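Colleague:
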Amino acid sequence: MSGAVLLRAEGVGKRFGGFTALADVNIELRAGERLGLIGPNGSGKSTFVNCISGDFAAHDGKVTLGGQLLDGLKPHRRARLGLARTFQLPQPFASLTVLENVRVPLLFAGEAAHASARAFECLEQVELAAKADKLPKELTQVEQRRLELARAIALRPQLLIADEAMAGLSHAEVDQIIALLLRMNAAGTAVIMIEHIMRAVTEFSERLVVFVAGRKIADGEPREVLAMPEVEGAYLGKQ
Ligand SMILES: Nc1ncnc2c1ncn2[C@@H]1O[C@H](COP(=O)(O)OP(=O)(O)OP(=O)(O)O)[C@@H](O)[C@H]1O
Ligand SMILES: [Mg+2]
């Protein structure tokens, strides 16, 4: 289910002091595509997401979404252009209810008029509508992950980047999140799944990209990528 090029990252690089966290990363993603991004701890996956979302300013390269240059735009501007990401550690507003948490991105984007209705719709999509009036701390871990996803999809993104949305979840809970991401994808959203849980990545992804030490070392059909000796050596061998 892939269309025109949606995201194009060219030569993206990021340094922290003298340390190069990301170097010359080129990734192209088509509309509606499902991409898995894997790599060992510290290989630069979240740094890449942060450079795409605008949470970090990249030192090198350029990023376009639907042909529009994102460089220099703040995260909320990128969100309005159709880019959504979840954080590796869910970051809900603790004093706001579940529903209010999903309303926040809508209010921020100037969509106050229908914010409550749309927020409730998102909670229904992630099967959290019954908990709309609870506080985030009253949710289980998997429910908090689902809330994080509801907040991310509120603005109907063209691209959703899920950064380890399944870490720490049980087998059945992982299945719930995969099903959710597949539903969002079926509705037209391209998804980048960053994940250490290999069965989730292989079940979900049409294409796999592998990072090692801040560089992309593979990009292609999942089975072929996983069979590459350098991928096995650098990544799977350490599992
Ligand atoms: N804000 C920061 N300041 C300094 N160094 C950072 C910062 N963020 C990330 N790094 C470093 O950059 C490297 C890449 O980190 P990153 O979080 O992108 O890895 P990752 O692939 O997401 O790892 P994980 O699988 O553990 O989430 C690591 O060595 C990390 O310590
Ligand atoms: Mg990470």
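Just so you know, we're using my numbering here: the sequence shown kicks off at -1 and counts up by one.
No residue lacks a Cβ here, since even glycine has one placed at the ideal position from N, Cα and C.
Being a predicted model, the structure only gives us computed values, none of them experimental.
#1: With DSSP collapsed to three states, give me the class of I195.
#2: From what residue to what residue does the alpha helix (DSSP H) around L145 run?
#3: Tell me the rounded alpha-carbon separation between G40 and R28.
#4: Could you tell me the boundaries of the beta strand (DSSP E) in which L81 lies?
#5: Quick one: what's got a C-beta closer than 7 Å to A211's C-beta in the same chain, skipping five residues either side?
#6: Could you tell me which residues DSSP pairs with V223 in its beta bridges?
#7: Please identify the residue among P103, A198, K214 and M226 whose C-alpha is closest to the C-alpha of E146.
#8: Tell me whether G30 is buried or exposed, calling it buried when 16 or more other Cβ atoms sit within 10 Å of its Cβ.
#9: Taking just the CA atoms, how far does D217 sit from H57?
#10: CB-CB under 6 Å to R144, same chain, minus the five flanking residues each way: which ones, in chain order?
#11: At a cut-off of 6 Å, is S51 close to ligand 2 when judged by its beta-carbon and the heavy atoms of the ligand?
#12: Are there 16 or more other CB atoms within 10 angstroms of the CB of M(-1), so buried, or fewer, so exposed?
#13: In angstroms, rounded to a whole number, what distance separates the CA positions of F46 and L20?
#14: Below 8 Å, how does it come out for the stretch 221 to 234 and the stretch 67 to 87: are there three or more Cβ pairs, yes or no?
#15: Compute the minimum distance between the beta carbon of S41 and the heavy atoms of ligand 2, and state whether it is under 6 Å.
#16: Would you say Q86 touches ligand 2, meaning its beta carbon is less than 6 Å from a heavy atom?
#17: Using three-state DSSP, classify A111 as helix, strand or coil.
#18: Rounded to the nearest angstrom, what separates T62 and C49 at their Cα positions?
#19: Does ligand 2 have even one heavy atom less than 6 Å from the beta-carbon of S114?
#20: Assign R32 to buried or exposed, taking buried as 16 or more other Cβ atoms, counted over all protein chains shown, within 10 Å of its Cβ.
#21: Just to check, is the beta-carbon of A19 closer than 6 Å to a non-hydrogen atom of ligand 1?
#22: Taking Cβ positions, are R76 and G52 nearer each other than 7 Å?
#23: I believe P90 touches P155 by the beta-carbon criterion, under 8 Å. Please report the beta-carbon distance rounded to the nearest angstrom.
Modeller: Judging by the given coordinates:
#1: coil
#2: Q139 to I151
#3: 26 Å
#4: Unbroken beta strand (DSSP E) run through L81: L81 to T84.
#5: S41
#6: In the DSSP assignment, V223 forms no beta bridge with any residue.
#7: Among P103, A198, K214 and M226, the Cα nearest to that of E146 is on P103.
#8: buried
#9: Separation of H57 and D217 (C-alpha to C-alpha, rounded to the nearest whole angstrom) is 23 Å.
#10: The residues are V124 and L126.
#11: no
#12: Residue confidence for M(-1) is low, a pLDDT of 48 falling below 50, so the modelled location carries little weight and cannot support an answer.
#13: Annotation: F46 to L20 spans about 7 Å, alpha carbon to alpha carbon.
#14: no
#15: No, ligand 2 has no heavy atom inside 6 Å of this Cβ.
#16: yes
#17: coil
#18: Note on geometry: alpha-carbon atoms of T62 and C49 lie some 12 Å from one another.
#19: Incorrect: S114 has no Cβ contact closer than 6 Å to ligand 2.
#20: buried
#21: Checking the Cβ of A19 against ligand 1 gives yes.
#22: Closer than 7 Å, so yes.
#23: With a Cβ gap of about 18 Å, P90 and P155 do not count as contacting.
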